[in-house]
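All remarks here apply to the structure that follows.
2 protein chains.
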Amino acid sequence: MMLRRAALIGCTITSGNLWSLLGFSAKVPTWPAVKVSSSTGNHANFTSIEEKLSCRKLAGYSIRYRAMSASANATPVNVIAENEEQVQEFKQLNAVNDRYGGVIVEMSEPMDPAAFASILRASIAQWRRQGKKGVWIKLPIQHVNLVEAAVKEGFWFHHAEPNYLMLAYWIPEGTHTLPANASHRVGVGAFVMNEKREVLVVQENTGRFRGTGVWKFPTGVVNEGEDLCTAVVREVKEETAIDTKFIEVLAFRQSHKSFFEKSDIFFMCLMEPLSFEIQKQESEIEAAQWMPFEEYAAQPFVQTNELSKYIVDICKAKEARKYSGFVPVPTSSPFSDEKNYMYFNYRDLNGQ
Amino acid sequence: MMLRRAALIGCTITSGNLWSLLGFSAKVPTWPAVKVSSSTGNHANFTSIEEKLSCRKLAGYSIRYRAMSASANATPVNVIAENEEQVQEFKQLNAVNDRYGGVIVEMSEPMDPAAFASILRASIAQWRRQGKKGVWIKLPIQHVNLVEAAVKEGFWFHHAEPNYLMLAYWIPEGTHTLPANASHRVGVGAFVMNEKREVLVVQENTGRFRGTGVWKFPTGVVNEGEDLCTAVVREVKEETAIDTKFIEVLAFRQSHKSFFEKSDIFFMCLMEPLSFEIQKQESEIEAAQWMPFEEYAAQPFVQTNELSKYIVDICKAKEARKYSGFVPVPTSSPFSDEKNYMYFNYRDLNGQ
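Each protein sequence line maps, in turn, to chains A and B.
Position 129 of the first sequence, counting from 1, maps to 129 under UniProt numbering, and the rest follow consecutively.
Position 130 of the second sequence, counting from 1, maps to 130 under UniProt numbering, and the rest follow consecutively.
This is how it looks when you write it as structure tokens:
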């Protein structure tokens, strides 16, 4: 499917995206770290050498443009000199090329909506002549006055974060091939057992579990940009003050429509406790304790469905050293400082 | 951290969110399937029995409101009858309560921005008096004219999809505890080997690998709402026309800033081929073939980094039946029709 495949490309061999070197990449273009001003005379401020090399500035904000005529093949300078009265000045939004035949505009200066609509229309016409495909406009929230104008010109919402809205437009005929928005949230749960076979459990004081008396393993949400093996250590610490060491991913589950329309992936993680003194978080945790594992497992809500049985069984098998999960292995490369974790069955791979 | 923890709650025991029953849930409130009109007299059209039970309609669009006075304890009807001249009519946006002390407004009718600003201000004042916390406004793109007004009242962008923008606002003092937007994209790669020890590989005709001669495993992006074990079958089929059966997840990798600012998780999957006749996708695949595994592994780009070595080693170990990945197990429950896949080391768990 074109729409999906378009999201797979954009790996750069020179910039350290090494997973792509495996031929496994499902990556999409990183938003170029480029500031493009819409104000007169501001050129793109490239912040990345790579972008310097790969991005071609499309047009200045204010250029002198002359309708094509019999003298179209003349050099622009001659045309301007010979036919000054025919020369029109028109404005175009500063943009940088992306790697897929499209352009990216980042609005950094305020603008009147009517002026913006006009310049946007002219810009699209120009990009169309240049055979451009996708158009991205990143609108910081302080320029919210321009959203309506962009939508009236045919842009749609691509994604938003608290401080900006990304709008998209597709110039060619047919279905667009722009990559989809982020589709998943990632959660983590912590199985932490001490030497007395007690597991660390909490009761939440908000949400659906409030007042139910259900004891849960500590859980949390992985932040954008956060390694999941870091996230689960953080969450356990926040909820209970217990320090832990990440051991492995025991299992994971994917589910759908869990957050607005988004899907989620939840990783159940084995953690080794490094401290034992519980200090529960006041704001959202009603109670926290070390609870005998069998007592946790005996809770009706744990007993009444397939999923819970699997998890309890996995935890028991793990305890008996009969289960191998996925271990995080940091991977590095000569090309980049970027650190990524790969998770796999290390025991099996190393014949242990 | 409050901001994050707020995202963990919202599991409903009655609606089949069974993972939560394990006490593992990292779920957040599902956007209620509720249409709330902003036009006079329209009541909420609840589409979910659960919502019928759990949501309390806050206030009609047009209600008769009287400033509290000595007669505040009188019934509203009496007040209106006795003090007609004191009664003020004011409008308030229809909203439904969420489960966390906040309210949700879905704009379904057009409105003038100035009128919207005024009614929004009055609504916030009312919600403040009621002790409400977060306020969500879902604005379909056709009501884009209201975005600026909402932002001027203090709303920020929470997330956006092509056809709507979600705005958020926090009434109490202090940091908001609204859940974060989706943070990850999910990719899949397919290791497909036939009985001749040939692996299915492709060359892409767009993006960074274009023209490099690099042979990659087929890869793709998991759609929102799509099981990853389904996504990889679809992608292999789309790119090469080969039918495959999903066997297991061999490894996965999490990386950051791969798509705008989002993170991604890439699952490397073992697939069994069910057909062998390659028909490459015209639009994005330059070439596709069955290639001897050793030839694939010998490619310089595969040889030159840690990640690729791990994957090749895992594939070899798998071939020799010395490696156990995570198998998807469908889980069901008496509470719901929702089907989820849980992935774990089935071989170890079952002592095989």
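Note that the Cβ used here is the ideal one computed from N, Cα and C, for glycine as well.
In this chain, K237 of chain A is not harboured by any beta strand (DSSP E); it is covered by the alpha helix (DSSP H) spanning 228-240. Non-local beta-carbon contacts of S275 of chain B in its own chain, meaning distances under 7 Å to residues more than five positions away in sequence, involve I242, D243 in chain order. With a cutoff of 9 Å on beta-carbon distance, M268 of chain B and F344 of chain B are scored as not near each other. The bridge partners DSSP lists for W156 of chain A are A:A168. Under the DSSP assignment, W127 of chain B falls in the alpha helix (DSSP H) whose first and last residues are 113-129. Under DSSP, the beta-bridge partners assigned to H184 of chain B are A:H184, B:S263. Per DSSP, the continuous beta strand (DSSP E) segment holding K138 of chain B begins and ends at 134-140.
Between K318 of chain A and L270 of chain A, the CB-CB gap stays under 9 Å.
Interface criterion not met: the Cβ of A298 of chain A is under 9 Å from no Cβ in chain B.
Take A114 of chain B, set aside five residues on each side of it, and the residues of its chain with a beta-carbon closer than 8 Å to its own are A149, in chain order.
In terms of beta-carbon proximity, R197 of chain B stays away from the interface with chain A, with every pair separated by 9 Å or more. Secondary structure at F301 of chain B: helix, using DSSP grouped into helix, strand and coil. Separation of A182 of chain B and K196 of chain B (C-alpha to C-alpha, rounded to the nearest whole angstrom) is 42 Å. Residue state for N145 of chain B is assigned as helix, using DSSP reduced to three classes.
Collapsing the DSSP output to three states places F293 of chain A in a helix.
As the crow flies, the alpha-carbon of P330 of chain B is around 19 Å from that of A251 of chain B. Residues of the segment 128-142 of chain A with a C-beta less than 7 Å from any C-beta of chain B: I141, listed in chain order. Beta-bridge pairing by DSSP links Q203 of chain B to B:A287.
Under the three-pair Cβ rule at 8 Å, the segment 197-215 of chain B counts as touching the segment 283-292 of chain B. Inter-segment contact for the segment 157-167 of chain B and the segment 149-164 of chain A is present: three or more beta-carbon pairs are separated by less than 8 Å. Around the C-beta of D98 of chain A, 16 or more other C-beta atoms lie within 10 Å, and the residue is accordingly described as buried. Contact holds between the segment 166-176 of chain B and the segment 121-139 of chain B, because three or more Cβ pairs, one in each stretch, are under 8 Å apart.
Closest in alpha carbon position to V151 of chain B, among B:A288, B:A117, B:V103, is B:A117. Here V188 of chain A is actually not in contact with A125 of chain A; their C-beta atoms are around 49 Å apart, not less than 8 Å. Taken through DSSP and simplified to helix, strand or coil, A190 of chain A comes out as strand. Cβ neighbours of Q281 of chain A within its own chain (closer than 7 Å, five residues either side excluded): E238, E239.
Cβ contact annotation for C229 of chain B (same chain, cutoff 7 Å, sequence separation greater than five): F246, P328, Y341, in chain order.
Relative to P172 of chain A, the option among A:Y100, A:A288, A:V201 whose CA is nearest is A:Y100. Residues are counted here when their Cβ sits less than 8 Å from a Cβ of chain B; for the segment 312-326 of chain A these are D313, I314, A317, K322, Y323, S324, G325, F326, given in chain order. For K309 of chain B, DSSP assigns no beta-bridge partner whatsoever.
Counting the other Cβ atoms within 10 Å of the Cβ of P273 of chain B gives 16 or more, which makes it buried. Residue pairing by DSSP places Y343 of chain A opposite A:P328, B:F252 in a beta bridge. Residue nearest to N205 of chain B within the set B:N94, B:S283, B:K262 is B:S283 (criterion: CA-CA distance). Using a Cβ-Cβ cut-off of 9 Å, L93 of chain B does not count as an interface residue toward chain A, since no Cβ of chain A sits closer than that to its own. Distances from the CA of S123 of chain B to each of B:F209, B:R185, B:M111, B:A95 were compared; the closest alpha carbon is that of B:A95. In this structure, the beta-carbon distance from E338 of chain B to E224 of chain A does not fall below 9 Å.
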